[in-house]
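Position one of the sequence shown corresponds to residue 1 (full-length UniProt numbering), numbered consecutively onward. What follows is one structure encoded as structure tokens, with my remarks underneath.
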Amino acid sequence: MFNFDDANKKGKEAVDTFVKSYTSVAQGWQAIATEAADYSKKSFENGLAHFEKLSGVKSVEAAVELQSAFVKTSYEGFVAEATKLGEMYADLAKGAYKTYEAPVAKATAAAKAAVAA
1 MFNFDDANKK
11 GKEAVDTFVK
21 SYTSVAQGWQ
31 AIATEAADYS
41 KKSFENGLAH
51 FEKLSGVKSV
61 EAAVELQSAF
71 VKTSYEGFVA
81 EATKLGEMYA
91 DLAKGAYKTY
101 EAPVAKATAA
111 AKAAVAA
């Protein structure tokens, strides 16, 4: 027989799980967007500072040396930032899944019990 109280309870649990998941995902996206914006700003400022230094150079050798150092530090910074963003995306996915982990395990156990009966 259909029990309205159980259905109401299950519906409330589902909505609560969705809200927790949505909150976690929204916070993760916000953190990623903030990090990307900060890196973009920092990268632009570093490029501008480099251009100012480069415009004051008197010899080709000094310009090549300065440019080489800038490219090396820019590349290292990019790799570090890409690694950090990759970890943030992985954490976002884990956080989104974590809220559904317990309900899915509970539903799987109930389904197994129903099949076994």
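Just so you know, even glycine gets a beta-carbon here, dropped at the ideal spot from N, CA and C.
Problem set entry | N- and C-terminal bounds of the alpha helix (DSSP H) containing Ser59 | Segment: none, Ser59 is in no alpha helix (DSSP H) and carries neither H nor E.
For this session: Check Ala102 in the structure and name its three-state DSSP category.
Result: In the three-state scheme derived from DSSP, where H, G and I count as helix and E and B as strand, Ala102 is classed as helix.
For this session: Could you check the C-alpha separation between Lys58 and Tyr89 for me, to the nearest Å?
Result: Rounded to the nearest angstrom, the two C-alpha atoms are 45 Å apart.
For this session: Assign Asn3 to one of three DSSP states: helix, strand, or coil.
Result: Note: Asn3 maps to coil in three-state DSSP.
Exercise. What's the gap between the Cα of Tyr22 and the Cα of Ala96?
Worked result: In this structure, the straight-line span from the alpha carbon of Tyr22 to that of Ala96 is close to 8 Å.
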